[in-house]
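What follows is a single structure, written as structure tokens, with notes after it.
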Amino acid sequence: MNLAEKIKQKYSSMVLEATAIAGGDPTIVAKKETIKNLMTALRDDVDFQFNVLMDLFGVDYLFWEEKEKRFEVVYNIYSISKKHRLFVKVPVKETDAALDSVTDVWPAANWFEREVWDMFGIRFNGHPNLKRILMYEEFKGHPLRKDYPYNKRQPLIGPMH
Amino acid sequence: MGAVAEGGVNLEKFGFMTTKLNDAIGWARKFSIFQYPFVTACCGMEYMATACAHYDVDRFGAGFPRFSPRQADVLFVVGTISQKMAPVLKKIYDQMCEPKWVVAFGVCTCTGGFYDNYATVMGIDHIIPVDVYIPGCPPRPENVLDGLMKLQDKIQNQKQEV
Ligand code: SF4
Numbered sequence: 401m402n403l404a405e406k407i408k409q410k411y412s413s414m415v416l417e418a419t420a421i422a423g424g425d426p427t428i429v430a431k432k433e434t435i436k437n438l439m440t441a442l443r444d445d446v447d448f449q450f451n452v453l454m455d456l457f458g459v460d461y462l463f464w465e466e467k468e469k470r471f472e473v474v475y476n477i478y479s480i481s482k483k484h485r486l487f488v489k490v491p492v493k494e495t496d497a498a499l500d501s502v503t504d505v506w507p508a509a510n511w512f513e514r515e516v517w518d519m520f521g522i523r524f525n526g527h528p529n530l531k532r533i534l535m536y537e538e539f540k541g542h543p544l545r546k547d548y549p550y551n552k553r554q555p556l557i558g559p560m561h
Numbered sequence: 074m075g076a077v078a079e080g081g082v083n084l085e086k087f088g089f090m091t092t093k094l095n096d097a098i099g100w101a102r103k104f105s106i107f108q109y110p111f112v113t114a115c116c117g118m119e120y121m122a123t124a125c126a127h128y129d130v131d132r133f134g135a136g137f138p139r140f141s142p143r144q145a146d147v148l149f150v151v152g153t154i155s156q157k158m159a160p161v162l163k164k165i166y167d168q169m170c171e172p173k174w175v176v177a178f179g180v181c182t183c184t185g186g187f188y189d190n191y192a193t194v195m196g197i198d199h200i201i202p203v204d205v206y207i208p209g210c211p212p213r214p215e216n217v218l219d220g221l222m223k224l225q226d227k228i229q230n231q232k233q234e235v
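Residue numbers (the numbering used here), protein chains in the order written: chain G, 401 to 561; chain V, 74 to 235.
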């Protein structure tokens, strides 16, 4: 039984599905409501010991017919002691684009979550300082959403189009 | 030996040289360009290549980068300028003392280059006036030197404010 299946068995109430992504890393799809509990458990569980958050990012599946929910937030976590890696995907609805912050679990999540907020407009409840990190505060919209026109100009300085 | 009008004195016989004040100041200014390199992106490598011994901008009197805008004459804007950086660039320009010139180094600064997106300023001339545009992605050092010489011509031939 691989890692993803083990986790699914142990935390079946919080995990929807165990799969693998291209490349073969074990992946689970988790429920949005309980994400913080699941992450805390994965960090503290002696069997898993996921003590590093390596990456956290958003994905916009606007043009994917087969996806029910528009966004996904993906966590890439790693255990230094166990030497194993896990991807956790959390589907997020467009109408309710918010989920719990994991900054209390791994402080490294702070800037990653700000980036996801900046680029995709997904809010993180309980984040200590959720403001834009790459774009300027006056910027309107979230540029990595697939319906944001890539060449739309809204400059601080210069002509408006 | 130039023709000397009747009653005039042939100055060159005495080892003099005559010029106009405007030209003299222009000559002095064009060979003492203190630059402020505002380097933000990949063009910076080519700027370094130009500035170092192989191409040696010191031959043109421009070998002395100042990292304070107050002591600089020429603002070299080298590399992509994002919208978030734009107010900083404007402030740097405003801090420079007159007379001052601006060189746009690389297509990113000239026109935005291949960036056509929400984050990039489409040419720094939206923000500040530019004297010389040096296109290229990045421009070859020869191209930069050509631009520098054009700037020198411009400095020499303009009306010198003192
Ligand atoms: S012009 Fe080309 S080399 Fe220069 S900063 Fe832009 S992308 Fe980089």
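Quick reminder that beta carbons are idealized off the backbone N, C-alpha and C, glycines included.
Since we're looking at a predicted model, the values are computed, not measured.
query = Per DSSP, V/Tyr206 forms a beta bridge with which residues?
reply = The residue given as residue 206 of chain V occupies position 133 in the second sequence. DSSP lists V/Ala177 as partners of V/Tyr206.
message = Cβ closer than 8 Å: which chain G residues qualify as neighbours of V/Pro236?
response = Only positions 74 to 235 of chain V appear in this structure, which leaves residue 236 of chain V out of reach.
query = Taking the runs of the beta strand (DSSP E) that are 3 residues or longer, which of them lie wholly in the region 83-151 of chain V?
reply = Listed in chain order, the complete beta strand (DSSP E) runs (minimum 3 residues) inside the region 83-151 of chain V are 107-112, 147-151.
message = Give me the subset of the region 529-553 of chain G whose CB atoms are less than 9 Å from a CB atom of chain V, sorted by chain position.
response = Cβ contacts with chain V come from Leu534, Met535, Tyr536, Phe539, Gly541, Pro543, Tyr548, Pro549, Tyr550, Asn551, Lys552, Arg553.
message = Buried or exposed for G/Ile480, going by 16 or more other Cβ atoms inside 10 Å?
response = The residue labelled residue 480 of chain G in the question sits at position 80 within the first sequence. By the neighbour-count rule (16 or more Cβ atoms within 10 Å), G/Ile480 is not buried but exposed.
ask   = Interface residues of chain G around V/Gln156 at Cβ under 7 Å?
value = Against the second sequence, residue 156 of chain V aligns to sequence position 83. The contacting residues are Tyr536, Pro555, Leu556.
ask   = Under the DSSP definition of a beta bridge, which residues are partnered with G/Ala498?
value = Translated into the one-based positions of the first sequence, residue 498 of chain G becomes position 98. Its beta-bridge partners are G/Arg523.
inquiry  = Looking at G/Arg470: is its Cβ nearer than 9 Å to the Cβ of G/Lys493?
reply    = Taking the first residue of the first sequence as position 1, residue 470 of chain G is located at position 70. Taking the first residue of the first sequence as position 1, residue 493 of chain G is located at position 93. In this structure, G/Lys493 lies closer than 9 Å to G/Arg470 by Cβ.
Beta-carbon contacts of G/Glu537 that lie in its chain and below 8 Å, excluding the five residues immediately before and after = Locating residue 537 of chain G in the first sequence gives position 137, counting from the first residue. The residues are Lys531.
task = Output yes if chain G places a C-beta closer than 9 Å to the C-beta of V/Asp189; else output no.
result = Here residue 189 of chain V refers to the residue found at position 116 of the second sequence. When Cβ-Cβ separations below 9 Å define contact, V/Asp189 makes contact with chain G.
ask   = With a cut-off of 9 Å, does the C-beta of V/His127 fall near any C-beta of chain A?
value = The chain labelled as chain A is not found among the protein chains of the depicted structure, namely G and V.
key: Contacts of V/Val161 in chain G (Cβ-Cβ under 7 Å)   = Your numbering for residue 161 of chain V matches position 88 in the second sequence. Neighbourhood of V/Val161 in chain G, by CB distance below 7 Å: empty, with the nearest CB roughly 11 Å away.
message = If contacts are defined as beta-carbon pairs under 8 Å, then V/Cys183 and V/Cys116 qualify, I think. What distance do you get, rounded to the angstrom?
response = As a working mapping, residue 183 of chain V is identified with position 110 in the second sequence. As a working mapping, residue 116 of chain V is identified with position 43 in the second sequence. The Cβ separation is near 11 Å, so there is no contact.
request  = Apply the 10 Å Cβ neighbour rule to V/Ser155 and answer buried if 16 or more other Cβ atoms are within range, or exposed otherwise.
outcome  = Translated into positions along the second sequence, residue 155 of chain V becomes position 82. Residue environment for V/Ser155: buried (at least 16 other C-beta atoms within 10 angstroms of its C-beta).
key: Around the ligand COA, Cβ to any heavy atom closer than 6 Å, ordered along the chain   = Ligands in the displayed structure: the ligand SF4; the ligand COA is not one of them.
task = Indicate whether G/Glu468 and G/Gly458 have their beta-carbon atoms separated by less than 9 Å.
result = For this step, residue 468 of chain G is matched to residue 68 along the first sequence. For this step, residue 458 of chain G is matched to residue 58 along the first sequence. Cβ distance not < 9 Å, so G/Glu468 and G/Gly458 don't count as in contact.
request  = Using the DSSP secondary-structure output, state which residues sit across from G/Tyr536 in a beta bridge.
outcome  = Numbered from its first residue, the first sequence carries residue 536 of chain G at position 136. Partner(s): none; G/Tyr536 has no beta bridge.
ask   = In this structure, does DSSP put G/Gly458 in helix, strand or coil?
value = The residue you call residue 458 of chain G lines up with position 58 of the first sequence. Note: G/Gly458 maps to strand in three-state DSSP.
ask   = Can the beta-carbon of V/Gly22 be found closer than 9 Å to that of V/Pro208?
value = Beyond the ends of chain V as shown, which are 74 and 235, falls residue 22 of chain V; an answer cannot be given.
Chain G within 9 Å of V/Ala101, Cβ atoms only = Position 28 of the second sequence, counted from the start, is the residue given in the question as residue 101 of chain V. The C-beta of V/Ala101 comes no closer than 9 Å to any C-beta of chain G.
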